[in-house]
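These notes concern the structure reproduced below.
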Amino acid sequence: MCGIVGLYWDQPNPSINLDIMFSQMLKKLYHRGPDNQKYWLAEHQQGGLGFNRLSIIDLSQNAMQPLWTVNKDVAITFNGECYNFQELKQTLNKHTSINWQSKGDAEVVLYYYYYFGIDKSLRDINGFFSLAIWDKRTIKPTIILARDRMGKKPLFYSYQNKTLLWASEIKALMCYPNFDDTPCPESESLFFMFEHIPAPYTQFKHTQKLKPGHYLQFHDNNYTIHKYWDLSFQRSKVTKKDSLIDDYHSLVHDAVKLRCQSDVPMHLFLSGGFDSTLIAHTIKQYVPSIKALVAQFPESKYDESDQATLVAKKLDIPITKIPVSAISKEDVDHIIKYLDEPFSDPAVIPLFKLCQSAKQNTTVVITGDGGDEQQAGYFYKFWGESNLQSKLPFSVRHWIIRFLMTKMKWLGPHYDFRKYLAPELDYINPQHTFHCFDFLSADQRDFAYEYINDLVNSYLKKTNNLFDFFSAYLFDYMRHCFNTKTDVSTMLNSLESRSPLMDYRLFEWVSQVPHDMFYDSSKQQGKQLIRKLLTPIMGEDYINSPKRGFSVPLQSWAKTSFPELEDLKVSCPSGHFNYKMSLSLYINQQIKKKYIK
Numbered sequence: 175m176c177g178i179v180g181l182y183w184d185q186p187n188p189s190i191n192l193d194i195m196f197s198q199m200l201k202k203l204y205h206r207g208p209d210n211q212k213y214w215l216a217e218h219q220q221g222g223l224g225f226n227r228l229s230i231i232d233l234s235q236n237a238m239q240p241l242w243t244v245n246k247d248v249a250i251t252f253n254g255e256c257y258n259f260q261e262l263k264q265t266l267n268k269h270t271s272i273n274w275q276s277k278g279d280a281e282v283v284l285y286y287y288y289y290f291g292i293d294k295s296l297r298d299i300n301g302f303f304s305l306a307i308w309d310k311r312t313i314k315p316t317i318i319l320a321r322d323r324m325g326k327k328p329l330f331y332s333y334q335n336k337t338l339l340w341a342s343e344i345k346a347l348m349c350y351p352n353f354d355d356t357p358c359p360e361s362e363s364l365f366f367m368f369e370h371i372p373a374p375y376t377q378f379k380h381t382q383k384l385k386p387g388h389y390l391q392f393h394d395n396n397y398t399i400h401k402y403w404d405l406s407f408q409r410s411k412v413t414k415k416d417s418l419i420d421d422y423h424s425l426v427h428d429a430v431k432l433r434c435q436s437d438v439p440m441h442l443f444l445s446g447g448f449d450s451t452l453i454a455h456t457i458k459q460y461v462p463s464i465k466a467l468v469a470q471f472p473e474s475k476y477d478e479s480d481q482a483t484l485v486a487k488k489l490d491i492p493i494t495k496i497p498v499s500a501i502s503k504e505d506v507d508h509i510i511k512y513l514d515e516p517f518s519d520p521a522v523i524p525l526f527k528l529c530q531s532a533k534q535n536t537t538v539v540i541t542g543d544g545g546d547e548q549q550a551g552y553f554y555k556f557w558g559e560s561n562l563q564s565k566l567p568f569s570v571r572h573w574i575i576r577f578l579m580t581k582m583k584w585l586g587p588h589y590d591f592r593k594y595l596a597p598e599l600d601y602i603n604p605q606h607t608f609h610c611f612d613f614l615s616a617d618q619r620d621f622a623y624e625y626i627n628d629l630v631n632s633y634l635k636k637t638n639n640l641f642d643f644f645s646a647y648l649f650d651y652m653r654h655c656f657n658t659k660t661d662v663s664t665m666l667n668s669l670e671s672r673s674p675l676m677d678y679r680l681f682e683w684v685s686q687v688p689h690d691m692f693y694d695s696s697k698q699q700g701k702q703l704i705r706k707l708l709t710p711i712m713g714e715d716y717i718n719s720p721k722r723g724f725s726v727p728l729q730s731w732a733k734t735s736f737p738e739l740e741d742l743k744v745s746c747p748s749g750h751f752n753y754k755m756s757l758s759l760y761i762n763q764q765i766k767k768k769y770i771k
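Structure representation (structure tokens):
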């Protein structure tokens, strides 16, 4: 994984020194690629491409970017991994003769685009990435910006005064002397709804995030945005369920196998939960010497290290336990220092500290992320009802949404379901969604109603089934929030994270098979596919253990080591306070101080 930057303009500005600007942009992204930095400037100062490298595959200079085709008419900067690059390389070798410069994946993507175009390239790539392509085969260069299906790698862009800028982080864009930092008031509404700002919005009015599964094509001072992939739900009726389990197992194996390619040390994040255990068991077959890193919390209620230790012993995987101490104001301020926009999922802080320690042992970590989002694991208690509800007509589904809000009490006070459900399920009254609704202007509140209504309708157009409704929202949550959290935590520590369960083929497969493959309504148990795969490996006691998550003891940490969160209680409207809201307020205040003039 790396960092990319770029600029294109028709009329160069003689007052702006591009050498200085590109050096500054890459310096801002040093943490994303500390191994090497390089930039290329076009003739006549038309712009350029910049690259910070975190070396993973082919550590030689031959794989350093920007990379060019042999005749120097197309260049690429590629941040991420193309896992199936060997397969794509074979296709190219059958199609034409190429004198390969490197053994890496970026050069394969470059030539695949050169011969087959952007649409086929993005359809055929299996990986996570953001990329920029500079194509000189037209009279004026064509610029392509693209982002992977799952949104694991960020890409920001801004088109101002006939100047196109792009970068892995907004702070690099701000090195442009004429950067327009006009605030986007809608983004504040989105932040307090979701604890993050979903694409395409950013905190700046004239800067956007490219959406996952989309690409931007720029030519002759015009650009268009194209969607090349999305998740659809077309459930089939299948009688031979055993064959489906085998199919899923095969896909998991291939997803893991593809992610084992690395020329640097690789470890496994092991929590002891179903997802990371399935990945641990599978990867052991491809990397017998794999070692695991285990987070250890001081509060027993949140600590899963004993469970992870049992799993590791069963699978014969050596582990290193990494203590994750209570967060402090200094920890939060350190992360805010690197954040370009508000983001307040509290799990980012312990994950950052875990990654910070992990970097001492490895450069690549394999995780079990994606299992709950893939199989709607957070909502299994309602799945038994979803088959009946799917038969209800469209006009009745809005009542189902209201009905479900009364069913959430079982989650308890320690599980804030609103961040997963309220933006859709309580869209009639967005005030229930906002922890800090009273802090927003009237225009921001109006935007909230409109946004939530549009979001709900977009899901209802996709599906008549509540299971799929949940899945659609969780899928978006994963792409916009969860993967942002992972990207921030890993990249601040120059660490690459790979998540086999986020392989797009698994999501496509899961969206096509019957719902009852995922839940047992009689036991009120979800994730049946993974349970069935793990039962012969781990035994019934493990399979029937209660679900836990990567939870954060925010309240106790606030009281012991982050008193500023306690102080914000005074500012919060009566009846609306919780510690996550307080954290959101604190981060939003600090980001505004840093960026908003």
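Its first residue numbered 175, the sequence shown is counted upward by one per residue in this note's numbering. No residue lacks a Cβ here, since even glycine has one placed at the ideal position from N, Cα and C.
Expected contact under 8 Å - CB spacing of residue i and residue j to nearest Å
i           : j           : result
residue 266 : residue 319 : Between residue 319 and residue 266 the Cβ distance is about 23 Å, and since that is not below 8 Å, they are no contact.
residue 446 : residue 506 : Wrong, their Cβ atoms sit about 27 Å apart, outside the cutoff.
residue 224 : residue 303 : Not confirmed; about 16 Å, so no contact.
residue 346 : residue 203 : 5 Å
residue 642 : residue 636 : 7 Å
residue 541 : residue 668 : With 8 Å as the limit, residue 541 and residue 668 do not qualify as a contact, their Cβ atoms being about 17 Å apart.
residue 494 : residue 465 : 7 Å
residue 525 : residue 663 : 4 Å
residue 498 : residue 469 : 5 Å
residue 430 : residue 453 : 6 Å
residue 736 : residue 501 : 6 Å
Continuous beta strand (DSSP E) stretch holding residue i: start and end
i           : result
residue 178 : 177-183
residue 138 : A question about residue 138 goes unanswered here, because the residues of the chain that appear run from 175 up to 771.
residue 626 : Careful: residue 626 lies outside any beta strand (DSSP E), inside the alpha helix (DSSP H) at 616-636.
residue 304 : 301-309
residue 443 : 440-443
Closest Cα partner of residue i within the set the options
i           : options               : result
residue 461 : 435, 443 and 634      : 435
residue 718 : 490, 706 and 417      : 706
residue 273 : 259, 300, 244 and 295 : 244
residue 342 : 335, 382 and 312      : 382
residue 352 : 687, 453, 187 and 709 : 187
residue 388 : 291, 238 and 402      : 402
residue 671 : 529, 695 and 633      : 529
residue 357 : 375, 349, 710 and 367 : 375
residue 739 : 378, 325, 520 and 305 : 520
residue 271 : 286, 280, 213 and 258 : 286
residue 409 : 685, 702, 734 and 457 : 685
residue 310 : 221, 534, 758 and 407 : 221
residue 339 : 687, 732, 178 and 647 : 178
residue 648 : 713, 758 and 551      : 551
Assigned secondary structure, residue i (DSSP; H/G/I helix, E/B strand, else coil)
i           : result
residue 455 : helix
residue 377 : coil
residue 191 : coil
residue 313 : coil
residue 765 : helix
residue 401 : strand
residue 639 : coil
residue 211 : strand
residue 396 : strand
residue 293 : helix
Where the alpha helix (DSSP H) through residue i begins and ends
i           : result
residue 415 : 415-432
residue 739 : 737-741
residue 545 : 545-548
- Message: Give the list of continuous beta strand (DSSP E) stretches no shorter than 3 residues that lie fully inside the stretch 665-733.
- Response: 670-672
- Query: Unbroken beta strand (DSSP E) runs of length 3 or more, entirely within the stretch 460-538: which are they?
  - Reply: 465-470 and 493-497
- 4 or more residues per run - each alpha helix (DSSP H) lying fully within the stretch 219-291: 259-269
- What alpha helix (DSSP H) runs, 4 residues minimum, are completely inside the stretch 317-392? 344-347 and 359-368
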